[in-house]
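Trainee: Residue numbers (this note's numbering): 16 to 616.
Cβ atoms here follow ideal geometry from the backbone N, Cα and C, with glycine treated the same way.
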RNA sequence: GGGGUCGUAGCUCAAUUGGUUAGAGCAUCGGACUGUCGAUCCGAAGGUUGAGGGUUCGAGUCCCUUCGGCCUCGCCA
């Protein structure tokens, strides 16, 4: 076999005259009957090969048979292309290789799609032939970026004294949180392991064990329906530190994030990253992960709305709801149909029952700006003026309002704001806005189950100053949790943990987890806390989302070498699949027919 | 579990209001060609219109069911 001496994509004018062996895949061929040109591709790029029948008839004859994606190695001489023959579109376009010897390393069936046009090909086909899709420079670039991020993270944390430690993948199922993936145990019939949703308890136990600083780039599993930016199997950069407060954790980690963005994108992240309280985020942006690339803050106008003749507004406020909205700069250009159909349908997905709109216009008589709308007649001139002032609205703007329960108004307005920000071009394409969201409530009242849920997770510590509220006012406890948000995407989050077993028991109690349940599910952990647990805290970054931001994609499958579909299938391997009866027998498992199937029989 | 959207040749797409034998570009196969680089030129082959059922004289097109991709609500401590 010809042994490779150079990579295709790295050859330059300076290599002219040297004899090289290159190997790769046939990207394209141009057969002139006499001269044959091949663009050869490897991970590093393309290079043009020339086969000349007068110089090397054997190689030329063989070259005429080459087809797309055949794997070849060639020996030849790098030579310059003469004046006007260069290809400025290729980085190797100033040279070519005059091939003396061709070795066909492997043939290929005609590929189901062309590598050059794969970005236009439907994703299903690309995923089932991921090894072909992967030959695209864009995909290899993602794989490279992901590798670089992992390396930067390892180097940074190593330099700062962290140990990389693996934790078990076969663990104990706990009913809290997301649905577990279960793995049946062969040795204990009827018992199951669960794949980790995160190594949360193990990393805390590592702190109890005196490890002091831990990290792991680790796969996590949550059996919930996927979205564009999440799938059931994902990777976290998991970090934990002892004897720290939340400021220590945030400053250590923003240093790491700044380094990653600097090395990969050349961006200087201004440190320290700014902070915003949970309350400010929800009040001004309707959500705990605000997109700060543009302003357009939400404003509440319940005080004005309650006195208007518009029953939808006044009635909602009377019933304890709010009227809240935003002012879209230049949004008056939307047609009434755009607003009443497209935008109203959009917010309806988030349970908003309606969307009121007011266009900011200048009257024909040239007076002061006012509001025009089918509902404008319900507002007095003074009320219109107050609304305009509240939003600091300008002529040509569009004010959109939702009257509903506060939770629903925020839930609908937050995505509406993001949509309008994009539609109205309110930010630069490559803008990056980082923010730590802090001061989260520790608990959240769950209406359906009539109990508290953890907003973060049950191991999150309250602010020390809030400890007194554990007995008196648990719903208003502020916790020591923090999320790092970039461009409206939560890329990481964590907290200072509870290290006092008495506090931990108290929190379980508030979460309506009985002593027996707590002992059964978390007994091992509570026990560990009793043997000298140091104060500790940490966080976890979503590696997939970080790489998405760094590569500018909004599809998580783009940043995973072997991703799964929306129904959790791997189209390459066809997992999940049925298994042999023998395997089931060994596990003492029997599959159950669906009720519908039974009734059909 | 719900909503939306898409599915036509290997790929990307077209096909008027339900109307003749479902077309085009690329890819494939055969031929021509000494400097191309998305090579060009000539020719050929390629279809259960995702699947099943229905309405109709007639269905890619309308209706029902179903499968799959994507987006999304719920869910995701």
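Using the C-alpha atoms, what's the distance from residue 436 back to residue 285?
Mentor: The residue you call residue 285 lines up with position 270 of the first chain. The residue you call residue 436 lines up with position 421 of the first chain. Rounded to whole angstroms, residue 285 to residue 436 spans 23 Å at the Cα level.
Trainee: Among residues of its own chain, excluding the 5 on either side of residue 496, which ones have a beta-carbon nearer than 6 Å to its beta-carbon?
Mentor: As a position in the first chain, residue 496 is number 481, starting the count at 1. 455, 471, 475 and 510.
Trainee: How is the beta strand (DSSP E) around residue 114 delimited, first residue to last?
Mentor: Residue mapping note: residue 114 aligns to position 99 of the first chain, counting from 1. From DSSP, the beta strand (DSSP E) with residue 114 extends over 110-121.
Trainee: Where are the beta strand (DSSP E) runs, 3 residues long or more, that stay fully inside the region 49-104, in chain order?
Mentor: DSSP runs (the beta strand (DSSP E)) wholly in the region 49-104: 51-57, 60-66 and 86-95.
Trainee: Grab the span of the beta strand (DSSP E) containing residue 256 for me, first residue to last.
Mentor: Within the first chain, numbered from 1, the residue matching residue 256 stands at position 241. It spans 248-257 - the beta strand (DSSP E) in which residue 256 sits, taken as one unbroken run.
Trainee: In three-state DSSP terms, what is residue 598?
Mentor: On the first chain, position 583 is the one that residue 598 refers to. Residue state, collapsed to three classes: helix.
Trainee: Give every residue of the same chain whose Cβ lies closer than 7 Å to the Cβ of residue 522, excluding the five residues on either side of it in the sequence, and list them in chain order.
Mentor: Within the first chain, residue 522 is the residue found at index 507, counting from 1. The residues are 473 and 513.
Trainee: Would you call the CB atoms of residue 23 and residue 55 closer than 8 Å?
Mentor: Within the first chain, numbered from 1, the residue matching residue 23 stands at position 8. Within the first chain, numbered from 1, the residue matching residue 55 stands at position 40. Yes, the Cβ-Cβ distance between residue 23 and residue 55 is below 8 Å.
Trainee: Just to confirm my understanding: we take residue 194, look at its own chain, exclude 5 residues before and 5 after, and list those with CB closer than 8 Å. What are they?
Mentor: For the purposes of this step, residue 194 is identified with residue 179 of the first chain, where counting begins at 1. Answer for residue 194: 237, 238 and 239, listed in chain order.
Trainee: From residue 603 to residue 203, what distance separates their C-alpha atoms?
Mentor: Residue 603 sits at position 588 when you count from the first residue of the first chain. Residue 203 sits at position 188 when you count from the first residue of the first chain. Roughly 9 Å between the two C-alpha positions.
Trainee: Which residues in the same chain have their Cβ closer than 7 Å to the Cβ of residue 385, if we skip the five residues on either side of it in sequence?
Mentor: By 1-based counting over the first chain, the position of residue 385 is 370. Contacts found: 376, 378 and 399.
Trainee: State the DSSP-derived secondary structure class of residue 47, mapped to helix, strand or coil.
Mentor: As a position in the first chain, residue 47 is number 32, starting the count at 1. If DSSP states are grouped into helix, strand and coil, residue 47 belongs with coil.
Trainee: Under a three-way DSSP split, which group does residue 146 fall into?
Mentor: One-based indexing of the first chain puts residue 146 at position 131. Helix, per DSSP.
Trainee: So which of 369, 31 and 107 has the shortest CA-CA distance to residue 424?
Mentor: Looking up residue 424 in the first chain gives position 409. When each option's Cα is compared against that of residue 424, the closest is 369.
Trainee: If I follow the unbroken beta strand (DSSP E) through residue 209, where does it start and stop?
Mentor: Along the first chain, read from residue 1 onward, the residue named residue 209 stands at position 194. Here the beta strand (DSSP E) through residue 209 covers 207-209.
Trainee: Identify the continuous alpha helix (DSSP H) that holds residue 521 and give its terminal residues.
Mentor: Here the question's residue 521 lines up with position 506 in the first chain. Looking at the DSSP string, the run of the alpha helix (DSSP H) that includes residue 521 is 516-525.
Trainee: Take every Cβ of the region 571-578, pair it with every Cβ of the region 174-191, and state whether three or more of those distances are shorter than 8 Å.
Mentor: Short answer: they don't touch.
Trainee: What does DSSP give as the partner residues of residue 498 in its beta bridges?
Mentor: Taking the first chain and counting its residues from 1, one reaches residue 498 at position 483. Paired residues: 452 and 508.
Trainee: Starting from residue 236, trace the beta strand (DSSP E) in both directions and tell me its first and last residue.
Mentor: Walking along the first chain from the start, residue 236 turns up at place 221. Looking at the DSSP string, the run of the beta strand (DSSP E) that includes residue 236 is 228-236.
Trainee: Note down, in chain order, each residue of its chain lying with its Cβ closer than 6 Å to the Cβ of residue 601, except the 5 sequence neighbours on either side.
Mentor: Walking along the first chain from the start, residue 601 turns up at place 586. Here the set comprises 201.
Trainee: How is residue 467 classed by DSSP in three states: helix, strand or coil?
Mentor: Counting from one through the first chain, the residue named residue 467 turns up at place 452. Of the three classes helix, strand and coil, the one that applies to residue 467 here is strand, per DSSP.
Trainee: Put residue 605 into one of helix, strand or coil per three-state DSSP.
Mentor: Numbered from 1 along the first chain, position 590 holds the residue referred to as residue 605. Reduced to three states, the DSSP call for residue 605 is coil.
Trainee: DSSP three-state label for residue 339, please.
Mentor: By 1-based counting over the first chain, the position of residue 339 is 324. Strand.
Trainee: On a CA-only basis, which of 414, 348, 302 and 539 is nearest residue 341? Give me that one, please.
Mentor: Taking the first residue of the first chain as 1, we reach residue 341 at position 326. Measuring from the Cα of residue 341, the nearest candidate turns out to be 414.
Trainee: For residue 583, does the three-state DSSP call read helix, strand or coil?
Mentor: For this step, residue 583 is matched to residue 568 along the first chain. Three-state DSSP puts residue 583 in coil, outside helix and strand.
Trainee: What residues in its chain sit with their C-beta under 7 Å from that of residue 612, if we drop five residues either side in the sequence?
Mentor: For the purposes of this step, residue 612 is identified with residue 597 of the first chain, where counting begins at 1. Here the model assigns residue 612 a pLDDT of 47, short of 50, so the residue's position is not dependable and the matter cannot be decided.
Trainee: Whose C-alpha, out of 598, 37 and 525, is nearest the C-alpha of residue 90?
Mentor: By one-based count along the first chain, residue 90 stands at place 75. Among 598, 37 and 525, the Cα nearest to that of residue 90 is on 37.
Trainee: From residue 556 to residue 258, what distance separates their C-alpha atoms?
Mentor: Start at 1 with the first residue of the first chain, and residue 556 comes out as number 541. Start at 1 with the first residue of the first chain, and residue 258 comes out as number 243. So the two alpha carbons sit approximately 21 Å from each other.
Trainee: Assuming contact is defined by CB atoms lying nearer than 8 Å, are residue 147 and residue 120 in contact in what I supplied?
Mentor: Residue numbering aside, residue 147 sits at position 132 when the first chain is read from its first letter. Residue numbering aside, residue 120 sits at position 105 when the first chain is read from its first letter. No, they are not a contact pair.
Trainee: Report yes if the CB atom of residue 560 is closer than 8 Å to the CB atom of residue 253, and no otherwise.
Mentor: By one-based count along the first chain, residue 560 stands at place 545. By one-based count along the first chain, residue 253 stands at place 238. Contact flag unset, no.
Trainee: What does the Cβ neighbour count give for residue 363, buried or exposed, with the cut at 16 atoms within 10 Å?
Mentor: As a position in the first chain, residue 363 is number 348, starting the count at 1. That one is exposed.
Trainee: Could you give the residue range of the alpha helix (DSSP H) that holds residue 459?
Mentor: Reading the first chain from its first residue, position 444 is the one you call residue 459. From DSSP, residue 459 is part of no alpha helix (DSSP H) but of the beta strand (DSSP E) over 458-461.
Trainee: Would you be able to state if there are at least three C-beta pairs under 8 Å between the region 403-420 and the region 257-274?
Mentor: At 8 Å Cβ cutoff, the stretches do not touch.
Trainee: Between the region 158-172 and the region 210-222, can you find at least three pairs of beta-carbon atoms closer than 8 Å?
Mentor: No, the region 210-222 is not in contact with the region 158-172.
Trainee: Please name the residue or residues paired with residue 550 in a DSSP beta bridge.
Mentor: Taking the first chain and counting its residues from 1, one reaches residue 550 at position 535. Per DSSP, none; premise fails for residue 550.
Trainee: Looking at the structure shown, is residue 568 part of a helix, part of a strand, or coil, going by DSSP?
Mentor: What you label residue 568 is simply residue 553 of the first chain in a count that begins at 1. Residue state, collapsed to three classes: coil.
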